[in-house]
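Enquirer: One structure follows; several queries about it will come next.
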Amino acid sequence: MSMIEFHDVNKYYGKFHALKNINLTVERGEVVSIIGPSGSGKSTLLRTINGLEHISSGQLLVDNFDLADAKTDMNKIRKNVGMVFQHFNLYANKTIMENITLGPIRVLKVSKAEAEERANKLLGLVGLQDQANKLPSMLSGGQKQRIAIARALAMKPKAILFDEPTSALDPEMIGDVLDVMKKVADQGMTMIVVTHEMGFAKEVGDRLVFMADGEIREESNHPKEFFQNPQDPRAKEFLSKIIHAD
Amino acid sequence: MKTKKHHLLIWVLLCLTLLVSSIAIAPQQETAAAPKTDAKLTAIKKRGYMVLGVSADYPPYEFHKTINGEDKVVGFDIDLARQVAKDIGVELRIKELGFDSLLGSLKTGKVDMIVSAMTPTPEREKEVAFSQPYLTVAQKVIVRKGEENKYRSVMAFKGQKVGVQKQTTQEQTAKDELSGAKVVSLEKVTDLILNLQQKKLNAVVVEAPVANAYVQTNKALTLANVKFTNADYGCAVAVAKGAPAYLANVNKTIKTVQKNGQFAKWQKTANTLMFSKQNFWQAYGSYFLKGTGITIVLTILGVFFGSLLGTLLALMKRAKNKLIKGIAVVYIQYFRGTPLLVQVFMIYFGTQVIHLNVSAFASAALALSLNSGAYVSEVIRSGIQSVAKGQSEAARSLGLSSKQTMRLVVLPQAVKTILPALGNEFISLLKESAIVSVIGVGELMFQTSVVQGSSFKPFLPLVIASLIYFALTLILSLVLRVFEKN
Ligand SMILES: Nc1ncnc2c1ncn2[C@@H]1O[C@H](COP(=O)(O)OP(=O)(O)OP(=O)(O)O)[C@@H](O)[C@H]1O
Ligand SMILES: [Mg+2]
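Chains W and H, in that order, give the protein sequences. Per UniProt numbering, the very first residue in the first sequence carries number 1; after that it's consecutive. Per UniProt numbering, the very first residue in the second sequence carries number 1; after that it's consecutive.
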């Protein structure tokens, strides 16, 4: 009973073929990194998993629910699959505490006191206990992203999707966020992480997926080996560029 | 006579039937042997007062005048009513109503009589009983002093410009009887007189009481000695049906004041009052005050209902259902794409076409609300769009339903953009509301034109109105700025 299964999934934006024949299985507790050049469909792939984008054909199972099935309650899936965005997307009008507790109170229907107690624990986990009453605009990017992770965790999800969680951050803040993600991974969370942080993909990721032009071009159960010896020509090209850039 | 633009038909009918009715009905009332009392008369006496229904905007019959700093309703109709009450032995109370609602109020017993320059017509006689006429109204031709000898017969007006009030008996009379005259129809008598003085018109046909009042007070004008053959009509007091003793009392009073010359004195007093010089503010301040009040109320109503409607439309426009969405799109396009003036007319007259009696005020409020709704919906739509897409994606990805997302995350943020824009809508509606004066709603612009007419000052009232509008919008924008800061 895998957490997520793609079977021959295709996605079109009008005539544009954004995802081509995707086959991918993510087991429970697994951390999968997705890398690839810009425009290769990484975000699109991620967003199909919690229904922010609909697939055009094929089968997509999330926690054993068929997303193409009209009877599937998308809200139920979403509360089990959290998401962390490149630009944080904290609710601008709500305090940090409210950002974290909104979902638990409104969707999981837990009491406010209980939600806040848990939120405080999560704030501890991400190292931001003293920020509870601030507005998002008062935090740095790195702090915002750690709050976004806490917000996702507050729903006690079965999996969390990360879409380039560190790309919008100043370099000195990336480490804090990656540390939090590592902690989450160590707790056994299923994670799919679109990232440009090769270090994270190597050290934390159980598996690595390389995408280009809407296709999965290479999949590796040993990320370290992949980085040393990629098979796909596009992957070789991509890695050489990244290494030169660094 | 009191005229309403849309009552043209009634007036034509009236002209045709007046001779018949005044001959046929008056003697009946004279000869009817009235009992000593009836239920109505007894009730009035027991109560100790009687209520006069009047539409006090028709000098010299009935009008407002500030006397010793007090706003009073005066005119010979009022004097007559007071005499009727006195003769019955009770006090008179005055209830001001729109002319259109007078008959209804009499029938439902809200007032005990109407003395309001009302002419008996067959339609009205179906509803209420009329006294004998207390005033027979002829039509007169006013000309400039010194030119009266030029106009000694109806034939003398050939090729001359003759002014009349739009859609009145006079208009008909001038066309029918002043052969060859170029008849110019204007809205207001005061405009006619101004035009006559400035030689833009050569003669003006108005009814006798009004004509006499002008000639009496304006040395530059005089009456031409012209007789019309077919244009007299009468004014009578209206009371509820089925009260013969009461009606007989009224008739007796009328007879007495006509015989002893009292009525003529009242007429003279009214004419003098009508033109008496007064401090501008004392005379007309209340008009601006009242107009400003109505403008504010109309604007508030328009913005309130416009906001409700606008929210509904904005939601409809986001709906998945194509029909619901289509309705909203067409509605918004129509109300933003046609002049408010046209919408006001459409609603005011359109409701009458489908036999709905909607008052001018209600029509105006409705038109402003419907119009504002279209604009507010766009304000709300762009407010919602101004909230970054990531905000709703984040909420949806945490399992909030689309309704929860809208209510808890998007709308609270959209409000920040919506409120200031809504404030601007408020300001523009305040200004736009001037348009509804065309259907006779007594808001600021309407009152301004009333003052323009009756003060003979065409410019000053406009300046005052513009300053009031300016002050209102200024205050509003200051208030809004305070709100925005918070
Ligand atoms: N809503 C949309 N409508 C049309 N085309 C889209 C839409 N969203 C994405 N695309 C296209 O689909 C392709 C894949 O986009 P996607 O955002 O998944 O790429 P990505 O791999 O995440 O890129 P990046 O690294 O820049 O984030 C791109 O060519 C993009 O232009
Ligand atoms: Mg992307």
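Note that CB positions come from ideal geometry on N, CA and C, so glycine has one too.
Let me make sure I understand the geometry here. Which of H:Ala156, H:Gly390, H:Gly291 has the alpha-carbon closest to that of glutamine 86 of chain W?
Expert: H:Gly390
Enquirer: Would you say the beta carbon of lysine 241 of chain W is closer than 7 Å to some non-hydrogen atom of ligand 1?
Expert: no
Enquirer: For glutamate 215 of chain W, which option in W:Arg28, W:Thr25, W:Gly36 has the closest C-alpha, if you only look at C-alpha atoms?
Expert: W:Gly36
Enquirer: Could you tell me which chain H residues have their CB closer than 9 Å to the CB of asparagine 229 of chain W, listed as they occur along the chain?
Expert: Within 9 Å Cβ-Cβ: nothing; asparagine 229 of chain W doesn't reach chain H, min ~36 Å.
Enquirer: Check the Cβ-Cβ distances between lysine 79 of chain W and every residue of chain H, and say whether any is below 8 Å.
Expert: yes
Enquirer: Note down, in chain order, every chain W residue with its Cβ under 8 Å from the Cβ of leucine 419 of chain H.
Expert: In chain order: nothing, as chain W lies at least about 13 Å away.
Enquirer: Under three-state DSSP, which class holds threonine 166 of chain W?
Expert: Coil at threonine 166 of chain W, not helix or strand.
Enquirer: Cβ atoms of serine 386 of chain H and isoleucine 439 of chain H: under 8 Å apart, would you say?
Expert: no
Enquirer: Could you check if phenylalanine 483 of chain H is buried or exposed, using at least 16 other CB atoms within 10 Å of its CB as the buried criterion?
Expert: exposed
Enquirer: Please work out which residues of its chain come closer than 7 Å, Cβ to Cβ, to glycine 29 of chain W, disregarding the five sequence neighbours upstream and downstream, and give them in chain order.
Expert: Take glycine 29 of chain W, set aside five residues on each side of it, and the residues of its chain with a beta-carbon closer than 7 Å to its own are Gly188, Thr190, in chain order.
Enquirer: Just to check, is the beta-carbon of glutamate 53 of chain W closer than 7 Å to a non-hydrogen atom of ligand 2?
Expert: no
Enquirer: In chain order, what residues of the same chain lie with their CB nearer than 8 Å to the CB of valine 81 of chain W, ignoring the 5 residues before and after it?
Expert: Only Ile49, Asn50, Val62, Asp63, Pro157, Lys158, Ala159, Ile160, Leu161 meet the Cβ criterion.
Enquirer: Indicate, with yes or no, if ligand 1 has a heavy atom lying under 7 Å from the CB of lysine 42 of chain W.
Expert: yes
Enquirer: So glutamine 231 of chain W and glutamate 218 of chain W are in contact, right, with Cβ under 8 Å, and what is the actual spacing, rounded?
Expert: 6 Å
Enquirer: The beta strand (DSSP E) with asparagine 23 of chain W in it runs from where to where?
Expert: 16-26
Enquirer: Span of the beta strand (DSSP E) holding serine 307 of chain H?
Expert: Going by DSSP, serine 307 of chain H is part of no beta strand (DSSP E) but of the alpha helix (DSSP H) stretching over 280-318.
Enquirer: Applying the criterion that 16 or more other CB atoms from any shown protein chain within 10 Å of the CB defines a buried residue, is aspartate 71 of chain H buried or exposed?
Expert: exposed
Enquirer: Is serine 397 of chain H close to chain W, meaning its C-beta is less than 8 Å from at least one C-beta of that chain?
Expert: yes
Enquirer: Give the C-beta separation of valine 84 of chain W and proline 165 of chain W to the nearest angstrom, bearing in mind that I take them to be a contact with Cβ-Cβ under 8 Å.
Expert: 5 Å
Enquirer: Let me check understanding here. Comparing Cα to Cα, which of W:Glu27, W:Ala168, W:Ser2, W:Thr44 lies closest to leucine 19 of chain W?
Expert: W:Thr44
Enquirer: Under the criterion of a Cβ to heavy atom distance below 7 Å, does glutamate 393 of chain H qualify as lining ligand 2?
Expert: Glutamate 393 of chain H Cβ: outside cutoff for every heavy atom of ligand 2.
Enquirer: Leaving aside the five residues before and after aspartate 38 of chain H along the sequence, list all residues of the same chain whose C-beta is less than 7 Å from its C-beta, in chain order.
Expert: Ala243, Pro244, Ala245, Tyr246
Enquirer: List the residues of chain H that leucine 102 of chain W touches, going by C-beta distances under 7 Å, in chain order.
Expert: Chain H residues near leucine 102 of chain W: Leu408.
Enquirer: Helix, strand or coil for glycine 142 of chain W? Go by DSSP, reduced to three states.
Expert: helix
Enquirer: Return the chain-ordered ranges of every beta strand (DSSP E) run that is complete within the stretch 101-145 of chain H and spans a minimum of 3 residues.
Expert: 135-137, 139-144
Enquirer: Taking just the CA atoms, how far does glycine 159 of chain H sit from asparagine 202 of chain H?
Expert: 10 Å
Enquirer: Residues of chain H with CB closer than 7 Å to the CB of asparagine 50 of chain W, please, in chain order.
Expert: Ser397
Enquirer: Which partner residues of lysine 11 of chain W appear in the DSSP bridge assignment?
Expert: W:Leu19
Enquirer: Applying the criterion that 16 or more other CB atoms from any shown protein chain within 10 Å of the CB defines a buried residue, is methionine 274 of chain H buried or exposed?
Expert: buried
Enquirer: Report yes or no: do the stretch 88-104 of chain H and the stretch 298-316 of chain H share at least 3 C-beta pairs separated by less than 8 Å?
Expert: no
Enquirer: For phenylalanine 238 of chain W, count the other beta carbons within 10 Å of its own beta carbon; 16 or more makes it buried, fewer makes it exposed. Which is it?
Expert: buried
Enquirer: Report the three-state DSSP secondary structure of residue 487 of chain H (helix, strand or coil).
Expert: Here chain H has residues from 1 to 486 only, and residue 487 of chain H is not among them.
Enquirer: Below 7 Å CB to CB, which residues in the same chain sit around tyrosine 151 of chain H once its five sequence neighbours on both sides are set aside?
Expert: These residues qualify, in order along the chain: Val141, Val143, Phe157, Ala203, Ala224, Val226.
Enquirer: Taking Cβ-Cβ distances below 7 Å as the criterion, which residues of the stretch 87-102 of chain W are in contact with chain H?
Expert: His87, Asn89, Tyr91, Ala92, Asn93, Leu102
Enquirer: Measuring alpha carbon to alpha carbon, tell me which of H:Arg124, H:Asn212, H:Val128, H:Thr229 ends up nearest lysine 175 of chain H.
Expert: Out of H:Arg124, H:Asn212, H:Val128, H:Thr229, the CA that lies nearest to the CA of lysine 175 of chain H is found in H:Thr229.
Enquirer: For glutamine 352 of chain H, count neighbouring Cβ atoms within 10 angstroms of its own Cβ and tell me buried if that reaches 16, exposed if not.
Expert: exposed
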